[in-house]
Each structure stands twice: as structure tokens, then as C-alpha cells.
Amino acid sequence: MRLNKFIAQAGVASRRKADELTANGNVKVNGAVVREMGYDVKEGDLVEVNGRMLGLPEKPVYIALNKPKGAITSVGDDKGRPTVMDMVADVPERIYPVGRLDYDTSGLLIMTNDGDLAQKLAHPGHKIYKTYRAKVAGVLSPERLAKLKKGVDIGGYVTAPAVVKLIKQSDRFALAEISIQEGKNRQVRKMFLSVGNKVLDLERVAIGDVYLGHLKAGHYRKLTRQEVEGLKGRL
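Take the position in the sequence shown, starting the count at 1, then add 362; the result is the number in the numbering used here.
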């Protein structure tokens, strides 16, 4: 396994950052500094990064979790609230969430031990659509939809164009689907509020071509090979 991949799968840094660490002399193999980018890590090699000994990378695991409202997207919580880690406690590998979902937002969360993929998915430079289903108060008029599609000011920041579709409109609320490539704090809620519609309920239903489907709240499934390859192919 190439050295940068070994370091990335150990969750230390992305492959690009691993190459930088190697070039800067921060990586040792069997006690000696290695600056060779393409070094092939062999069975029995002892790899250190900044003095930290790395174990053999675990088998990559990719999981889709349906995070319920009221759960924290964190590896722990000092207030004793449930976290997404509680829902994958039976997974033997050490996985962690990619990005986050707010406390009061439910839906699709990807969890993995592949540090390289996790850092790329979380990087704002990689444009992967994240799709949400939102129940909002009031009427979502064609004019408001047009503004959301074009981009709106959410407090000193104008959002990029979004894909927005009205699913249902009643006298008191609307149901819409919105896809964005950014990930500002509470962005979808702020976007709808900027056009006059308060979000009543929000669920993330897709990340790229990975869909939540009929996965029950608090449950998880492993991503298919096609889904993993699809995510990597977009980065």
C-alpha cells in the first residue's frame, strides 16, 4: 500500500496532506525519515507521523445512517445526549461521521473510517449535491422558488444557485425538495427563512447518488460498492 494511502486510511490526513507531511520530513518508517512519495508500505513496517505510531489501517467501512432528530452528530456529548455513535456501537471498526447534521435535522449521514474520503467529502471545494426535504410554513410561491434557485442572502453570504422543487402546497404549509452544494451552518433553514418561509421539519434524503430510501430512523446500512465508487468518482 502506498504511504500516502496508508496515512489517509489511518485517519491522520488526506493523501495530498500526507504527501506534504512526507516531503517535510514528518514521516518515519521503521525509525527512519522517509521522503519518498511513492514508498510502498510493507507488512511489518512501523509508520510514524509527527511521532505518533500508526497501526495497520482497518478495512475501509462505509455506512449510511438515518440520524433522528434529537441526536448529536459527534463522537461524544458532555450533556449526556444521544449521539450518532450510539447507533453504530455494534460496528467493530472505529468509524466517525462525515460532516454533520443539526440537532433538530434528521436524515442521511455518512460514517466511515476512510480518512481520505471523509476529508474530501467535507472539503468545500468538492461540489457534491446534498438533497433535503423541507416542510415549511406558509405558501412557497413561484417567486420565492425562483429566488431560492438563483441564490439568496443568508446574512452576509449569498448562496450558490440551488435545485428546488415544490412537492406539495396546502393552505398552511409547503413541502419542498432542495439540493445545495454548500454546507454553511443551518444553511437550508436560513435560505427558506430569507424568502419568508420558516422550516418546520428538515430531513436530508441524499448525498450525491447515495439515497436515504426507506432506512428507519436510528438504523444504518453499509454503502454498496457502486455508491462508494460513485462518491469517490465525484471527488
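Backbone N, C-alpha and C define an ideal beta-carbon position, used for all residues, glycine too.
- Distances from the CA of A375 to each of V572, N475 and G570 were compared; the closest alpha carbon is that of N475.
- Leaving aside the five residues that flank V520 on each side, the residues in its chain whose CB is nearer than 8 angstroms to its CB run, in chain order, G513 and V514.
- For the pair of segments examined, the region 428-447 was found not to touch the region 404-416: the number of CB pairs separated by less than 8 angstroms stays below three.
- As DSSP reads the structure, K527 sits in a beta bridge with E539.
- Boundaries of the alpha helix (DSSP H) around G595: R587 to G595.
- From the listed residues E544, V411, A385 and L479, the smallest Cα separation to L593 is found for L479.
- Under DSSP, P459 takes part in a beta bridge, and its partners are M473.
- Here A451 is exposed: its Cβ has fewer than 16 other Cβ atoms, across all protein chains shown, within 10 Å.
- Under the DSSP assignment, D407 falls outside any alpha helix (DSSP H); it carries neither an H nor an E label.
- For D533, the three-state secondary structure derived from DSSP is coil.
- Here D478 carries a helix assignment [DSSP, helix/strand/coil].
- Judged by pairs of C-beta atoms under 8 angstroms, the region 569-589 touches the region 424-441, as three or more such pairs exist.
- Pairing V409 with A370, the inter-Cα distance amounts to about 12 angstroms.
- Here P523 is exposed. Its C-beta has fewer than 16 other C-beta atoms within 10 Å.
- For T493, the enclosing beta strand (DSSP E) stretches over residues K492 to A499.
- In this structure V460 is not in contact with A496, their Cβ atoms being roughly 22 angstroms apart against a cut-off of 8 angstroms.
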